[in-house]
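Engineer: Please see the structure below; I have some questions.
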Amino acid sequence: MSNTDKVKNLIELREKTKLGGGEKRIEAQYKKGKHTARERIDILLDEGSFEEYDMFVQHRSHDFGMENEQYLGDGVVTGHGTIDGRVVYIFAQDFTVFGGSLSETHAKKICKIMDQALKVGAPVIGINDSGGARIQEGVNSLAAYAEIFQRNIMASGVIPQLSAIFGPCAGGAVYSPALTDLVIMSDKTSYMFVTGPKVTKTVTGEVISTEDLGGAHVHASKSGVAHFVAEDEEEGLLIIRKLISYLPQNNLEDPVITECFDPIDRLDDDLNEIIPDNPAHPYNIKDVIFSIVDDSEFLEIHRDFARNIIVGFAKFNGRPTGIVANQPNYLAGVLDIDASRKAARFVRFCDAFNVPIVTLVDVPGFLPGSAQEYGGIIIHGAKLLFAYGEATVPKITVTLRKSYGGAHDVMGSKQLRGDLNYAWPTAEIAVMGPKGAIEVLEGKKIAEIEDVEERQKYIDAKEEEYREKFANPYEAAKYGYIDDVIEPRNTRFRIIRALQTMSTKKEMNPPKKHPNIPL
Ligand code: HXC
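Residue 166 in the numbering used here sits at position 165 of the sequence shown, and the numbers go up by one each step.
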């Protein structure tokens with residue numbers, strides 16, 4: 002072969018790899034509303050930035066006639082590229098080659114980019130579309146999965162790891178995305194489960210569809226496994242680009258601050274009126290979030306899971322910030338098992354990657370009842386408490402209305418090393434609400450009053466007395482638990498100044514192997 006032919010041959014080989022498992026299988030992929038692995042990468046990354054590795058890798062299996070079926074690249078496209086000019090590593094499974102199934106060599110390619118990402122300190126994005134372990138390779142493919150899991154674990158908290166699920170993800174394969182920071186599932190075209198509908202029926206007798214067992218909406222609303230449901234793959238990839246914009250490259254860097262055109266001292270008079278006079282009436286905390294962040298842009302995470310607490314990313318004067326906020330519009334913003342798990346995971350994620358946390362508090366307490374107690378609200382609530390207490394990033398807390406009992410302590414309180422704790426004049430910080438308190442303190446006396454009207458009068462008077470004493474921010478401010486009572490309309494400015502001031506904060510936890518967070 003002449004040298005010119007050698008170059009020609011390379012170009013031909015490159016073209017061949019792009020066909021994956023062949024045109025017929027690519028067609029089948031399109032019919033399902035899915036893109037090919039390379040198309041997904043092209044949509045995600047900055048134009049022309051992708052550099053592919055290992056496109057000539059082939060599997061080494063000789064069983065089941067596999068030696069006669071070879072595809073260059075072995076069912077996964079790997080490499081690096083940029084998002085808004087910043088380096089990311091990526092792998093995208095190619096369903097057109099053996100159903101994207103994971104062989105020893107397929108896994109080696111993924112491990113290579115993970116190792117490199119850790120070396121240079123850059124995020125890893127995985128696009129999953131796979132029938133799981135390559136059946137023909139038996140234990141080798143199981144071992145290969147474990148190689149990936151181990152790397153997911155080592156990379157956790159060091160570099161951001163994001164997973165898109167754009168097709169099947171079943172069996173043990175689910176555990177790699179589960180070990181990563183965030184999971185995005187495409188609606189209708191993806192599913193995740195440890196055991197599929199067929200085995201479920203055989204073992205338990207339960208008859209259930211793929212979608213109902215492990216579809217995107219199920220994981221976004223019931224299990225909490227998925228943080229986002231994307232309408233289609235384009236939207237899912239756009240979400241990944243956005244997420245990257247809020248995150249640093251690794252745990253030793255800070256998130257990138259961008260120029261902000263939204264005035265930092267913008268006042269919003271509506272906030273002075275947003276808290277209803279009746280403490281039992283709800284309002285939408287998202288109205289507060291949209292009002293105070295830059296350009297009303299808020300990327301909500303876990304939108305459909307535990308809707309009584311809101312978490313997500315926004316910017317304050319261009320500074321990426323995590324927001325945790327009780328949602329009075331849903332279950333009165335109470336803390337329950339799912340809300341505690343959701344917020345704890347988010348607080349730890351922010352802390353791992355140097356993203357400051359703003360907490361907006363309006364919480365009536367923990368949800369009572371046997372379902373919660375049997376489900377372990379003690380342990381799950383402790384997770385959130387632990388996450389706040391261990392976090393060393395700047396923590397700014399604003400109490401808008403209720404902050405009762407244990408939930409007060411949990412939600413970024415001063416004693417959990419809150420850096421700046423503000424309250425609106427409408428804040429009520431106490432052991433419990435007036436109704437509950439008076440029942441406990443005055444129950445016997447109330448029972449002795451026979452006349453119904455007299456009894457109610459007594460209750461009202463006692464509740465009023467309690468409200469006067471405790472249902473305000475000044476009692477807490479008197480002790481310095483609240484640093485300042487602020488005018489609601491000025492909240493944006495106060496948060497921005499607090500974040501700016503705290504940006505040089507240095508706080509270290511004592512050296513240890515790792516904390517023993519209540520799991
Ligand atoms: C090898 C596989 C494969 C696999 C699919 N294919 N899964 N090849 N190993 N695991 C191949 C098919 O033979 C087919 O090849 C092509 O991929 C497309 O598959 P289809 O079945 O035609 O596609 P579809 O109808 O869309 O169904 C997709 C599917 C189904 C639901 C994923 O293929 C399936 O059930 N696969 C097996 C899933 C499974 O049980 N995996 C093991 C899970 S346990 P051709 O040549 O016809 O195109 C696991 C353990 C991990 O993963 C352990 C980690 C600890």
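Glycine included, each C-beta is placed from N, C-alpha and C at the ideal position. None of these values were measured; they are calculated from a predicted model.
Runs of 3 residues minimum, wholly inside the segment 364–421: which ones carry the beta strand (DSSP E) assignment?
Structural biologist: 396–405
Engineer: Thinking C-alpha only, which one of Gln94, Asp420, Lys403 is nearest proline 435?
Structural biologist: Lys403
Engineer: With burial defined as no fewer than 16 other Cβ atoms inside 10 Å of the residue's Cβ, what is the status of leucine 45: buried or exposed?
Structural biologist: Buried, since its Cβ has 16 or more Cβ neighbours within 10 Å.
Engineer: Less than 9 Å separating the beta-carbons of isoleucine 27 and glycine 21?
Structural biologist: The criterion of a C-beta distance shorter than 9 Å is satisfied by isoleucine 27 and glycine 21.
Engineer: Have a look at glutamate 235 and glycine 172 and give me their C-alpha separation to the nearest angstrom.
Structural biologist: 26 Å
Engineer: Looking at the structure shown, is tyrosine 72 part of a helix, part of a strand, or coil, going by DSSP?
Structural biologist: coil
Engineer: Could you have a look at glutamine 457 and say whether DSSP puts it in helix, strand or coil?
Structural biologist: helix
Engineer: For proline 512, write down the residues that DSSP places opposite it in a beta bridge.
Structural biologist: DSSP output for proline 512 lists no bridge partner at all.
Engineer: Is glycine 82 close to the ligand PLP? I mean its beta-carbon at under 8 Å from any heavy atom of the ligand.
Structural biologist: With respect to small molecules bound, the structure shown includes the ligand HXC and not the ligand PLP.
Engineer: Shorter than 8 Å, the distance from the beta carbon of tyrosine 405 to the closest heavy atom of the ligand HXC, or not?
Structural biologist: no
Engineer: Could you tell me the distance, in whole angstroms, from the CA atom of methionine 503 to the CA atom of threonine 398?
Structural biologist: 13 Å
Engineer: Determine whether the beta carbon atoms of glycine 413 and valine 335 lie at a separation below 9 Å.
Structural biologist: no
Engineer: List the endpoints of the continuous beta strand (DSSP E) containing glutamine 501.
Structural biologist: Careful: glutamine 501 lies outside any beta strand (DSSP E), inside the alpha helix (DSSP H) at 492–503.
Engineer: Per DSSP, which one or two residues make a beta bridge with arginine 320?
Structural biologist: Phe317
Engineer: At a cut of 8 Å, does the segment 438–445 reach the segment 457–477 through at least three beta carbon pairs?
Structural biologist: yes
Engineer: Quick one: what does DSSP say glutamine 94 is sitting in, helix, strand or coil?
Structural biologist: strand
Engineer: Under DSSP, the alpha helix (DSSP H) around alanine 108 begins and ends at which residues?
Structural biologist: 105–121
Engineer: Would DSSP call arginine 15 helix, strand or coil?
Structural biologist: helix
Engineer: Cysteine 351 lies in the alpha helix (DSSP H); which residues open and close that run?
Structural biologist: 338–353
Engineer: Who does threonine 83 pair with in a DSSP beta bridge?
Structural biologist: Val88
Engineer: Taking 8 Å as the cut-off, is the beta-carbon of lysine 109 closer than that to any non-hydrogen atom of the ligand HXC?
Structural biologist: Residue side-chain check: lysine 109 keeps its Cβ at 8 Å or more from all non-hydrogen atoms of the ligand HXC.
Engineer: List the whole-angstrom C-beta distance separating aspartate 266 from phenylalanine 96, where the pair is believed to meet the contact cut-off of C-beta under 8 Å.
Structural biologist: Not really, about 52 Å apart at Cβ, beyond 8 Å.
Engineer: Does the structure place the segment 367–382 close enough to the segment 317–331 that three or more beta carbon pairs sit under 8 Å?
Structural biologist: no
Engineer: The ligand HXC heavy atoms versus the CB of glutamine 137: any closer than 8 Å?
Structural biologist: yes
Engineer: Tell me whether phenylalanine 99 sits in a helix, a strand or coil according to DSSP, three-state version.
Structural biologist: helix
Engineer: Is glycine 125 helix, strand or coil when you go by DSSP?
Structural biologist: Glycine is not the amino acid found at residue 125; the sequence shown has valine there. DSSP places valine 125 in strand when its eight states are reduced to three.
Engineer: Tell me the start and end of each unbroken alpha helix (DSSP H) in the segment 182–208 that is at least 4 residues and wholly inside, in chain order.
Structural biologist: 198–205
Engineer: Ignoring anything shorter than 3 residues, give me the beta strand (DSSP E) runs that lie fully in the segment 215–240, in order along the chain.
Structural biologist: 229–231
Engineer: How about the segment 253–272 and the segment 222–237: do they share at least three Cβ pairs that are nearer than 8 Å?
Structural biologist: no
Engineer: Could you give the distance in angstroms between the alpha-carbon of isoleucine 302 and the alpha-carbon of glycine 313?
Structural biologist: 5 Å
Engineer: Taking 8 Å as the cut-off, does the segment 448–457 touch the segment 417–433 (at least 3 CB pairs, one atom from each stretch)?
Structural biologist: No: fewer than three Cβ pairs fall under 8 Å.
Engineer: Kindly indicate which three-state DSSP category proline 283 falls into: helix, strand or coil?
Structural biologist: coil
Engineer: Would you check if the distance between the CB atom of glutamine 162 and the CB atom of glycine 127 is smaller than 9 Å?
Structural biologist: Cβ distance < 9 Å, so glutamine 162 and glycine 127 count as in contact.
Engineer: In chain order, what residues of the same chain have a beta carbon less than 6 Å from the beta carbon of lysine 202, not counting five sequence neighbours either side?
Structural biologist: Val208
Engineer: I'd like the list of long-range same chain contacts for threonine 427, defined as Cβ closer than 6 Å, with 5 residues on each side in sequence excluded.
Structural biologist: The residues Ile276, Arg402, in chain order, have a CB closer than 6 Å to that of threonine 427 in the same chain once the five nearest residues on each side in sequence are set aside.
Engineer: With methionine 115 and alanine 179 assumed to form a contact (beta carbons below 8 Å), what rounded beta-carbon distance in angstroms separates them?
Structural biologist: No, methionine 115 and alanine 179 are not in contact; Cβ-Cβ is about 16 Å, not under 8 Å.
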